[in-house]
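Chains as they are written, first to last, in our numbering: chain G, 1 to 113; chain P, 1001 to 1114. Every residue, glycine too, gets a C-beta built ideally from N, C-alpha and C. One structure is given here, and the rest of the page talks about it.
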Amino acid sequence: NAGVTQTPKFRVLKTGQSMTLLCAQDMNHEYMYWYRQDPGMGLRLIHYSVGEGTTAKGEVPDGYNVSRLKKQNFLLGLESAAPSQTSVYFCASSPNYRATEAFFGQGTRLTVV
Amino acid sequence: AQKVTQAQTEISVVEKEDVTLDCVYETRDTTYYLFWYKQPPSGELVFLIRRNSFDEQNEISGRYSWNFQKSTSSFNFTITASQVVDSAVYFCALSETSYDKVIFGPGTSLSVIP
């Protein structure tokens, strides 16, 4: 009963380094999203996907790229990490974007030094 | 434009007290969905409830109840006889049919003191 799994759970990066966060869901959901959570700001949508091969920008897309080559996976990339990208990142999925609840991964705590 | 306001940043209550978490939203749509999520100290996000804009009936689930009022654009959450396990950050969220985005409020951190 895995649900939504994020890899890794923790990471420390140096400024300018790149990395990819992996999100995998086993519920056959069409929609997947990446959020970042910062103190006092709730969750802000970075990018999302409405199906395999599609991606779209959310509220705070700058500095991030995403890919959805397979329905079950949604990758979030940071090409050149900056301290402002220190945050907790959550991946989520849902069968229907608007009307149903999202299922969240356990989060990835990223620190950029 | 979409907006979700949770004016209470932090709330502390003594165990067994009742507590209400406020959520006020803004939307131009007539069809929309509202959600509440709980984030306990362990960090995961747990879905609590979904409400669509055409269903204004209040809902009760055990010690939890929700009061949806379209007239005031509010979707408040009440915990009756609070327990220490209710300590968490609670998020209200809004989904409109016009936009492919779900907007979360900033969250309310609830501490229940034994």
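When burial is assigned at 16 or more other CB atoms within 10 Å of the CB, is residue i buried or exposed?
i, result
"Asp1055 (chain P)", "exposed"
"Ser1042 (chain P)", "exposed"
"Pro1119 (chain P)", "Residue coverage of chain P in this structure runs from 1001 to 1114, which leaves residue 1119 (chain P) outside it and unanswerable."
"Leu21 (chain G)", "buried"
"Leu76 (chain G)", "buried"
"Arg1028 (chain P)", "exposed"
"Arg1063 (chain P)", "exposed"
Does residue i come out as helix, strand or coil in the three-state DSSP assignment?
i, result
"Asp38 (chain G)", "strand"
"Ser84 (chain G)", "helix"
"Thr1072 (chain P)", "helix"
"Val175 (chain G)", "One cannot answer for residue 175 (chain G) here, as it falls past the ends of chain G, which runs 1 to 113."
"Val113 (chain G)", "coil"
"Val50 (chain G)", "coil"
Kindly list, in the order they appear in chain G, the residues whose Cβ is closer than 9 Å to that of residue i.
i, result
"Gly1062 (chain P)", "Ordered by position in chain G, no residue passes the 9 Å Cβ test against Gly1062 (chain P), which lies about 18 Å from the chain."
"Phe1091 (chain P)", "Gly42 and Leu43"
Run down chain G in chain order and give the residues with a C-beta less than 7 Å from the C-beta of residue i.
i, result
"Leu1045 (chain P)", "Phe90 and Phe104"
Taking Cβ-Cβ distances shorter than 8 Å, what residues in chain G pair up with residue i?
i, result
"Pro1106 (chain P)", "Gly40, Met41 and Gly42"
If the cut is a Cβ gap below 9 Å, which residues of chain P does residue i touch?
i, result
"Leu45 (chain G)", "Lys1101, Val1102, Ile1103 and Phe1104"
"Gly107 (chain G)", "Gly1043, Glu1044 and Leu1045"
Starting from residue i, find everything on chain P with Cβ-Cβ shorter than 7 Å and list it in chain order.
i, result
"Gly58 (chain G)", "Lys1101"
Please tell me whether, using a cut-off of 7 Å, the distance from the CB of residue i to the nearest non-hydrogen atom of the ligand GDP is below it.
i, result
"Val4 (chain G)", "This structure lacks the ligand GDP, and indeed carries no ligand of any kind."
> Does the pairing of the stretch 86-98 of chain G with the stretch 24-34 of chain G give three or more beta-carbon distances under 8 Å?
Replying inline: Because the criterion of three Cβ pairs below 8 Å is met, the stretch 86-98 of chain G and the stretch 24-34 of chain G touch.
> Would the stretch 1026-1034 of chain P and the stretch 1076-1089 of chain P be scored as touching if the rule is three or more Cβ pairs under 8 Å?
Replying inline: no
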